[in-house]
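Counted the way the working numbering counts, the sequence shown spans residues 77 to 251.
Note that CB positions come from ideal geometry on N, CA and C, so glycine has one too.
Bear in mind that the values here come from a model prediction, so they are computed numbers and not experimental data.
To start, the structure itself, in structure tokens.
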Amino acid sequence: MDTFTKEEVKNFIIGIVVLAVFIIVLGIFKYQHNTWKDADNTDYTVYATFNRTDGLDIGDKVRMSGIDIGRIEGSVLDNNFRATLTLKIRKDIKIPDDSSASIVSNSLMGSKYIEIEPGGSEEYIEENGEFSYTQDAIVLEELVDRIISLGKTKRKNQKCLTVPIAATNTSETES
Numbered sequence: 077m078d079t080f081t082k083e084e085v086k087n088f089i090i091g092i093v094v095l096a097v098f099i100i101v102l103g104i105f106k107y108q109h110n111t112w113k114d115a116d117n118t119d120y121t122v123y124a125t126f127n128r129t130d131g132l133d134i135g136d137k138v139r140m141s142g143i144d145i146g147r148i149e150g151s152v153l154d155n156n157f158r159a160t161l162t163l164k165i166r167k168d169i170k171i172p173d174d175s176s177a178s179i180v181s182n183s184l185m186g187s188k189y190i191e192i193e194p195g196g197s198e199e200y201i202e203e204n205g206e207f208s209y210t211q212d213a214i215v216l217e218e219l220v221d222r223i224i225s226l227g228k229t230k231r232k233n234q235k236c237l238t239v240p241i242a243a244t245n246t247s248e249t250e251s
């Protein structure tokens, strides 16, 4: 009879664990895909138009109050060169017609999604309706450039203020 060494048994167990994790991840992916596939029959379509959608992709989430309520199904460029996104929203979610849609990020470098801020209207966005209020994505590079330019302006203003004060102090001591 063959006996296995401790190293062989260890490698076999690691292989079994890796295979089990792979099967579990594959099962979760398949379940989520089927959930969205089945959801097509229970979703309704809403449109949102933005000037820029940097970092937003088809399939990204649509959230309200931090809860996933839909996904981005499509995007097209309209005649005014604005991005019109097709959103699929769960049928059980009614969105007030004065709500706004904003492109936000999970974190500083995280993925982006659409956050819906519900309005106070008692009327709701209908099937194939559109958001009246939208807020574009903030591009990180532009934000950093703004912060740097504000810092430079502030530094320049401080230098301008310190020069006259120093000149005033020297003239007072001379007189």
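{"query": "Span separating the alpha-carbon of Y209 from that of V97", "result": "44 angstroms"}
{"query": "Per DSSP, cross-strand counterpart(s) of S181", "result": "K188"}
{"query": "Endpoints, the beta strand (DSSP E) within which A124 is located", "result": "D119 to F126"}
{"query": "Whole-Å CB distance - T125 paired with D154, under 8 angstroms assumed", "result": "7 angstroms"}
{"query": "V138, enclosing beta strand (DSSP E) - first and last residue", "result": "K137 to M140"}
{"query": "T81 (DSSP reduced to helix, strand or coil)", "result": "coil"}
{"query": "Opposing strand residues paired with Q211 [DSSP bridges]", "result": "S178"}
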